[in-house]
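**Q** Read left to right, the sequence shown gives residues 0 to 358 (numbering that gives the first Met the number 0).
Sharing a structure below in C-alpha cells format, with a few things to ask.
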Amino acid sequence: MGLGALYFLVSPEFGVDESTHNVYEVVDDGAWNVDRSLDILPEEFALHIMEKIRPTVMDNVLDTLYWMHETRGHFSVKFAWEYLRRRDDPRIVYKMIWVKELPFRISFFMWKVWKAKLPLDDFMRMLGYFMPSRCWCCSEPKEETLVHLFFSSTAATRVWKYFLPRVGISMEGLSMHQAITKCWTAQVLPRIKPVIQALPSCIVWELWKRRNNFKYGEAVSISRVIYQVSITLQALVQVRKPGIQVPHKWHDLLAMLENYTTRLKVEKVIWELPMEGWIKINTDGESRGNPGKRAIEFCVRDEAEEVKYAIGREITEGSNTEAEVVEIVEALRLCRAHNYTHIWLQTDSMLLKNIIEGS
Numbered sequence: 000m001g002l003g004a005l006y007f008l009v010s011p012e013f014g015v016d017e018s019t020h021n022v023y024e025v026v027d028d029g030a031w032n033v034d035r036s037l038d039i040l041p042e043e044f045a046l047h048i049m050e051k052i053r054p055t056v057m058d059n060v061l062d063t064l065y066w067m068h069e070t071r072g073h074f075s076v077k078f079a080w081e082y083l084r085r086r087d088d089p090r091i092v093y094k095m096i097w098v099k100e101l102p103f104r105i106s107f108f109m110w111k112v113w114k115a116k117l118p119l120d121d122f123m124r125m126l127g128y129f130m131p132s133r134c135w136c137c138s139e140p141k142e143e144t145l146v147h148l149f150f151s152s153t154a155a156t157r158v159w160k161y162f163l164p165r166v167g168i169s170m171e172g173l174s175m176h177q178a179i180t181k182c183w184t185a186q187v188l189p190r191i192k193p194v195i196q197a198l199p200s201c202i203v204w205e206l207w208k209r210r211n212n213f214k215y216g217e218a219v220s221i222s223r224v225i226y227q228v229s230i231t232l233q234a235l236v237q238v239r240k241p242g243i244q245v246p247h248k249w250h251d252l253l254a255m256l257e258n259y260t261t262r263l264k265v266e267k268v269i270w271e272l273p274m275e276g277w278i279k280i281n282t283d284g285e286s287r288g289n290p291g292k293r294a295i296e297f298c299v300r301d302e303a304e305e306v307k308y309a310i311g312r313e314i315t316e317g318s319n320t321e322a323e324v325v326e327i328v329e330a331l332r333l334c335r336a337h338n339y340t341h342i343w344l345q346t347d348s349m350l351l352k353n354i355i356e357g358s
C-alpha cells in the first residue's frame with residue numbers, strides 16, 4: 000500500500016484498474032469487497048490480501064505503507080535484516096564462552112583466544128609479517144605462540160594444574176582446547192557448573208595481563224595470577240548468590256558450593272474471610288510456556304468458608320495473562336448468574352490488579 004494509487008510502480012501486464020485509487024474503495028463495512036477485489040486484481044493476489052491483510056477501518060484516508068513483517072506495520076532495517084538473513088543455530092562452544100555475570104571483556108577475550116585472533120607473533124607470521132619472536136613470560140624465552148603463552152609455558156602449566164585437578168580434570172595428554180572443553184563439560188553440581196564454565200576464561204585473561212605487564216617492565220608472579228583468578232571467581236559467585244560469605248581460595252570456594260544449602264524462608268499465609276454477605280473469589284491462571292498450554296482455577300466461598308463453586312480445567316493455548324483474564328471473566332459471570340453483588344476478588348496477577356483498579 001502507498002500514498003494514493005501505486006499502479007505506476009508495477010509492470011504494464013499486471014492489469015491494474017486505474018479507476019481504483021485507494022484501499023478503502025474496495026472495503027465495505029469493515030470487510031473486503033470480494034467481487035471488487037477480484038475484478039481489479041489477479042485472483043492469487045486478491046485471495047492473499049483477503050486472507051492475510053486486515054482491511055482499513057477509516058474511509059476517505061490516503062493509503063499508508065504497511066510492513067507485513069512487523070505487527071504495527073512499521074518498516075525498519077532491523078526487521079528487514081531479520082527477514083533476509085539466514086541465522087545458523089548457535090554453536091555450543093560459543094554458548095559456553097558467554098557466562099552470565101562474568102565481565103564482558105573476559106568472555107570476549109576468551110572468544111578471541113578460541114578463534115586464535117590475538118596479535119601474537121605466530122598470528123602475525125600467518126599474516127606475512129616475519130620478525131624475531133620471544134615469549135615475555137619465560138626466564139628462558141621461547142617463541143611466542145598462543146598455545147605456549149596460555150597453556151604449555153611453565154607459568155601457564157602451573158596455573159592450570161592448580162585449578163583443574165580439584166574438579167577431577169587431569170592435564171595429562173590434553174591440548175589447550177581439550178582442557179577448556181573439559182571444563183565446559185565437567186560433570187559437577189549445577190550450582191558449581193557456571194564457575195567451572197568461567198574458569199578457562201579467567202585463567203587466559205590473567206595470563207594475558209601477566210604477559211603484557213612483563214612486556215612493559217612490570218613483573219607479576221604466578222601466585223599473583225592464581226590469586227586474581229580466584230578473586231574473579233569469588234566475585235562471580237557473590238553476584239549469583241548474594242548475601243553469603245564466599246571464600247576466595249579455590250579449594251575453599253568449591254567446598255562451600257558443594258556443601259551449600261539454600262536457606263528457606265517460611266511465611267505463614269492465612270486465608271482471610273470475607274465480610275458478612277460478601278462472596279470471595281480466589282483465582283490462579285497459568286500456562287506451560289508463554290504462550291503455551293493453559294489452565295484456569297478459581298474458587299468461590301462465602302463468609303462461613305463454605306465453598307460455593309470451584310473449577311479447574313485446561314483452556315486453549317495462550318499467555319499467562321490471557322489465562323488470568325479468562326478465569327476472572329468466568330468467575331464474575333458465575334457470580335452474576337447467582338445474583339452475587341458483593342464480591343471480593345483476589346488474583347495473583349499484579350498486572351490485572353492494576354488494570355482493574357485503574358492504577
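Cβ coordinates follow ideal geometry from the N, Cα and C atoms, glycine included.
Predicted model, so just to flag it, every value in this text is computed and none were measured.
How big is the Cα-Cα spacing for residue 142 and residue 180?
**A** Residue 142 and residue 180: Cα-Cα distance of roughly 25 Å.
**Q** For the stretch 295-307 and the stretch 275-282, state whether three or more C-beta atom pairs, one from each stretch, are separated by less than 8 Å.
**A** yes
**Q** Using 10 angstroms around the beta-carbon of residue 157, count the other beta-carbons present and answer buried if the total reaches 16, otherwise exposed.
**A** exposed
**Q** Are the CB atoms of residue 72 and residue 82 within a distance shorter than 7 Å?
**A** no
**Q** With a CB to CB cut of under 6 Å and the five nearest residues on each side skipped, what residues in its chain are close to residue 115?
**A** 145
**Q** Consult DSSP for residue 97 and reduce its assignment to one of helix, strand or coil.
**A** coil
**Q** What span of residues does the beta strand (DSSP E) with residue 307 cover, start to end?
**A** 306-317
**Q** Give the single residue among 127, 125, 128, 149 whose Cα lies nearest to the Cα of residue 361.
**A** The requested residue 361 is not part of the displayed model; the chain covers only 0 to 358.
**Q** Since residue 292 sits in a beta bridge, which residues does DSSP pair it with?
**A** 287
**Q** Considering only the beta carbon of each residue, do residue 122 and residue 204 sit closer than 7 Å?
**A** No, the pair does not count as a contact, with Cβ atoms beyond the cut-off.
**Q** Quick check: the stretch 181-193 against the stretch 265-273, are at least 3 beta-carbon pairs closer than 8 Å?
**A** no
**Q** Following the continuous alpha helix (DSSP H) through residue 230, name the residue where it begins and the one where it ends.
**A** Residues 221-239.
**Q** Between which two residues does the beta strand (DSSP E) containing residue 342 stretch?
**A** 342-345
**Q** From the DSSP output, which residues share a beta bridge with residue 282?
**A** 297
**Q** Checking 7 Å against the spacing of the C-beta atoms, do residue 209 and residue 224 come in under that value?
**A** yes
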